[in-house]
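For reference, the structure discussed in these notes is given below.
Protein chains in written order, with my numbering: chain R, 1 to 320; chain W, 1001 to 1327; chain U, 2001 to 2284.
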């Protein structure tokens, strides 16, 4: 049984079904990349895992989330609250808004230790400084007393990571943790996250739109399109032999070193938003391989080698 | 290219020692602080080429783009378009010259007035320049512009909020091309778009360049995109040019360029980068240190680097500002 | 463009009870004011000294005042005065305020500081006080009332316009208009003002309600429109003298003021909700 097991998770907001039967599994010490463009449902998945859907008027409409064997979808809020920060933590996209601008950053990290580990003030403080140092923040004791506005984006995100780690969680969900940051800082943060997973044996769900980040950091990949899983596989296979036309095209959207000019094509059409999804396979309006059956039947998620793919025409895995 | 002896009128655009400062008062009784957003940039842009400007936040690339189009005034130095100094032009002359140099903006969500339909947005440049076609030809002209960027003509009366990000950006591109410019400055034109749409838009820009013989100044933070799209790459750090790569594939010699390259991950798990964790951060742009601005983060920094700022010198077409280049 | 967005908001506002009722009331008041000479049963200045302070009756629906004049007719004619003074004054105020605010915001620098200093000075005084000062300078009467009210509300529109334009000035599409070759006039009239217009218009509408009260206040002190022209405020003033003898002489005009201002405010609120600009209006 995997440490985190998501099976056929569906999420509804009002009358809409933005997530439809998402499944994936993750073990400790592994990094799962959840990839998709806007409207793919990746942030919703993060919120669903953390039990935060009510905040946006959403709810789980089907499926299950099992963390270390126990079911999360039927947990009451107090039980979920006990898990958040302690066994599972969220790192969200924008460090500018994740931190309280009125409270010193050190205090914000201390709070987590005090709340979840029952540490005293002094013990929490030294633990926080320790964490900040591990995250390569120079002069952590000084930084501990600073306010968010005195820090750069990269530093703030490290503080957010420290807050996520302070409760000593086993699962971390990072929702586009580097999108708002400079490229060189992004590389640093990704490397920090990878090191944390390897050294502490954490499970990390890394949500991103960047296939480069996925290739660099992830062990397994789940590709989402319009609220459904298009393909899931180990990272080596998904890049070497992408089975779903969307995955293939998405990889080709990123210019590679030495790629000939004029060869970058993109995917025609528009990324659909909730409520505008096509019938049958949601990707078919943009797919070069689309046939009549694609519009009539939703392709089921089928196992293929080490992965799964939801496409009527992926019977034979093709190269690159 | 960094050589000031190059005849400025030979290039389409020539920048000479371009500097732009911003001042602000930190607090009521604080002293005035100066931010040098762009410092001493000298660059030639040849007709028909694609010049990429790459750097991270605070490097001054967006300010540079605006200086080139005179959307901002220079603090010192000059911008020459076909040998003419922009600062010497009157308001009316500048307005006319703007037909030859246009910009595609980063954020499609705010670059079109929400009250303007596609038709109105595409006619605005013509209207403002006194080139509005007679009503009989107006529709044809608008449709021609839309066709050029692959926009469905049925969208002609749509408003921005009814369009997707990619469609809005196409409107922005069509609007920039309406006056048949020679130079198009692209300020991170795809940064706000989804990946699949980014690639679509880049392909469109490539096609347009070929069809219309345009000259591009392509501003981006995405080095892999710049290496794919551009003929030449200018690397900026905290307002200065630190390296100019003569081709997209020239190996970098400046440690910062090397760091940028190492940070752009390939979509290939077989080619994972080794990321060395650095200690430092970007220094406060108001309080630039003496010496090389990158010294605080550079693994190869020496005492010389911290004391003396390296000048940009060129070795053939490759320009570099570093005391201890990588090769 | 601007019109399109505003008319649809108008419809949305009308679909609420609040919007429809208040607009209905407003239209009624406006219609009555316009058609005053034909709607009013009597002329406003016909005195009948043998029938002073009569209670409401068949002949005089709202009774008569201390000079035997029909209260209802005076209220109807008073509507004309109140509404026209308020609307004219606010109209001028909005126009002047928008010009000042736009100039301050667009050109910035010393001009902005100068305009803002003067505007903020008037802003710090209550409108009543400013109006009183100007009426004191210009003497009482119709035109000085209009001028006084105009100036009293100038600060509000100037600040609102300035705030709106400052917010829009930095938008990318304004920069784009410049890069296309747009000059100052094009940018101000085609991009800045249209986007700033909506909150200012709604604020103007609400200010009209305030202006009616201000006009009534001036009238109450005898500083507004002079007799025999009827003014709701002046009517209330003379009504206070006989509040126990003939309460209808004060209740009538009071109720009229309340009705007019209430319907304006309610409609303004309905519009604000329909346009969803509550946050923008707070920016002064």
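The beta carbon of each residue, even a glycine, is placed where N, CA and C say it ideally should be.
Using only the alpha-carbon positions, how far apart do residue 2252(U) and residue 2217(U) sit? In a straight line, the C-alpha of residue 2252(U) is about 16 Å away from that of residue 2217(U).
Flag this pair as yes or no: are the beta carbons of residue 2178(U) and residue 2187(U) separated by less than 9 Å? Yes, Cβ-Cβ distance for residue 2178(U) and residue 2187(U) is below 9 Å.
Look up residue 2270(U) in the DSSP assignment and say whether it is helix, strand or coil. In this structure, DSSP gives residue 2270(U) a helical state, which the three-state scheme calls helix.
Report yes or no: do the segment 255 to 270 of chain R and the segment 1173 to 1191 of chain W share at least 3 C-beta pairs separated by less than 8 Å? The way I'd put it, the segment 255 to 270 of chain R doesn't touch the segment 1173 to 1191 of chain W; fewer than three beta-carbon pairs between them come closer than 8 Å.
For residue 1247(W), which of 1184(W), 1138(W), 1023(W) and 1231(W) has the nearest alpha-carbon? When only C-alpha atoms are compared, the closest one is 1231(W).
Segments assigned alpha helix (DSSP H), at least 4 residues, entirely inside the segment 26 to 92 of chain R: Restricting attention to alpha helix (DSSP H) runs no shorter than 4 residues, the segment 26 to 92 of chain R encloses them at 42 to 50 and 77 to 83, ordered along the chain.
Rounded to the nearest angstrom, what separates residue 1214(W) and residue 1060(W) at their Cα positions? Answer to the nearest angstrom: the Cα atoms are 24 Å apart.
If you measure beta-carbon to beta-carbon, which residues of the segment 1124 to 1147 of chain W are closer than 7 Å to chain U? For the segment 1124 to 1147 of chain W, which is checked against every Cβ of chain U, the residues closer than 7 Å are 1124, 1125, 1128 and 1129.
Should residue 42(R) be labelled buried (16 or more other beta-carbon atoms within 10 Å of its own) or exposed? By the 10 Å Cβ count, residue 42(R) comes out buried.
Member of 2048(U), 2053(U), 2042(U) and 2065(U) whose CA lies at the smallest distance from the CA of residue 2077(U): Per the Cα distances, 2042(U).
From the beta carbon of residue 107(R), is the nearest beta carbon of chain W less than 9 Å away? Taking Cβ atoms only, chain W never reaches closer than 9 Å to residue 107(R), which makes this a no.
In the DSSP assignment, find the alpha helix (DSSP H) that holds residue 1081(W) and state where it starts and stops. Where residue 1081(W) is concerned, there is no enclosing alpha helix (DSSP H), although the beta strand (DSSP E) it sits in stretches over 1076 to 1081.
Neighbour list for residue 1105(W) in chain U, Cβ cutoff strictly below 9 Å: Residues of chain U passing the Cβ test: 2172, 2173, 2175, 2176 and 2179.
Taking all protein chains shown into account, do 16 or more other C-beta atoms lie within 10 angstroms of the C-beta of residue 2027(U), making it buried, or fewer, making it exposed? Its Cβ having fewer than 16 others within 10 Å, residue 2027(U) is exposed.
Is it buried or exposed, residue 1294(W), if we count other Cβ atoms within 10 angstroms and call 16 or more buried? Under this definition residue 1294(W) is a buried residue.
Which residues, taken in chain order from the segment 2192 to 2218 of chain U, show a beta carbon closer than 8 Å to some beta carbon of chain W? Identification of residues in the segment 2192 to 2218 of chain U having a C-beta nearer than 8 Å to some C-beta of chain W yields 2194 and 2195, given in sequence order.
With 16 other CB atoms within 10 Å as the buried threshold, where does residue 1139(W) fall? That one is exposed.
Going by beta-carbon coordinates alone, are residue 354(R) and residue 177(R) separated by less than 9 Å? Residue coverage of chain R in this structure runs from 1 to 320, which leaves residue 354(R) outside it and unanswerable.
Look at the Cβ atom of residue 2158(U), then the Cβ atom of residue 2096(U), and state whether they are nearer than 9 Å. Cβ atoms of residue 2158(U) and residue 2096(U): closer than 9 Å.
Tell me whether the segment 1070 to 1088 of chain W and the segment 1016 to 1025 of chain W touch, counting them as touching only if at least three CB pairs, one residue from each stretch, are closer than 8 Å. Touching, per the Cβ criterion.
At what residues does the alpha helix (DSSP H) containing residue 1(R) begin and finish? Premise fails: residue 1(R) is in no alpha helix (DSSP H) and is neither H nor E.
At least one CB of chain W closer than 9 Å to the CB of residue 2078(U): is that the case? So, not an interface residue.
Quick one: which residues of the segment 1219 to 1237 of chain W get their C-beta closer than 8 Å to a C-beta of chain R? List them in chain order. Within the segment 1219 to 1237 of chain W, the residues whose Cβ lies closer than 8 Å to some Cβ of chain R are 1221, 1222, 1223, 1224, 1225, 1227, 1228 and 1229, listed in chain order.
Can you tell me the Cα-Cα spacing of residue 226(R) and residue 210(R), whole angstroms? Rounded to the nearest whole angstrom, the C-alpha separation of residue 226(R) and residue 210(R) is 17 Å.
State yes or no: is the beta carbon of residue 1264(W) nearer than 9 Å to at least one beta carbon in chain R? Using beta-carbon distances, residue 1264(W) counts as an interface residue toward chain R, with a partner under 9 Å.
Secondary structure at residue 1165(W), three-state DSSP: helix, strand or coil? DSSP places residue 1165(W) in helix when its eight states are reduced to three.
At which residues does the alpha helix (DSSP H) containing residue 2060(U) begin and terminate? In the DSSP assignment, residue 2060(U) falls outside any alpha helix (DSSP H) and carries neither an H nor an E.
Quick one, which residues of the segment 1111 to 1122 of chain W are near chain U if we go by CB-CB under 9 Å, in chain order? Taking 9 Å as the cut-off between beta carbons, the residues of the segment 1111 to 1122 of chain W near chain U are 1111, 1112, 1113, 1114, 1115, 1116, 1117, 1120 and 1121, in sequence order.
Kindly indicate which three-state DSSP category residue 2252(U) falls into: helix, strand or coil? In the structure shown, residue 2252(U) falls within a helical segment according to DSSP collapsed to helix, strand and coil.
Three-way DSSP call (helix, strand, coil) for residue 307(R) in this model: Look at residue 307(R) here: in three-state DSSP terms it is strand.
Counting only Cβ-Cβ distances shorter than 7 Å, please list the residues of the segment 1069 to 1089 of chain W near chain U, keeping chain order. So the list reads 1069 and 1071, given in the order they occur along the chain.
At 9 Å on the CB atoms, spell out the chain W contacts of residue 198(R), in chain order. The contacting residues do not exist; residue 198(R) stays about 13 Å from chain W at best.
For residue 342(R), which of 302(R), 288(R), 63(R) and 94(R) has the nearest alpha-carbon? Here chain R covers residues 1 to 320 and nothing more, so residue 342(R) does not appear.
Leaving out five residues before and five after residue 2025(U) in sequence, what residues of the same chain have Cβ atoms less than 6 Å from its Cβ? Close CB contacts of residue 2025(U) within its chain, under the 6 Å cut and outside five residues either way in sequence, are with 2263 (chain order).
Kindly indicate the opening and closing residues of the beta strand (DSSP E) around residue 1323(W). For residue 1323(W), there is no enclosing beta strand (DSSP E), as DSSP marks it with neither H nor E.
Mind reading off the beta-carbon distance from residue 1225(W) to residue 1288(W)? Whole number of angstroms is fine, and I expect it under 8 Å. With 8 Å as the limit, residue 1225(W) and residue 1288(W) do not qualify as a contact, their Cβ atoms being about 28 Å apart.
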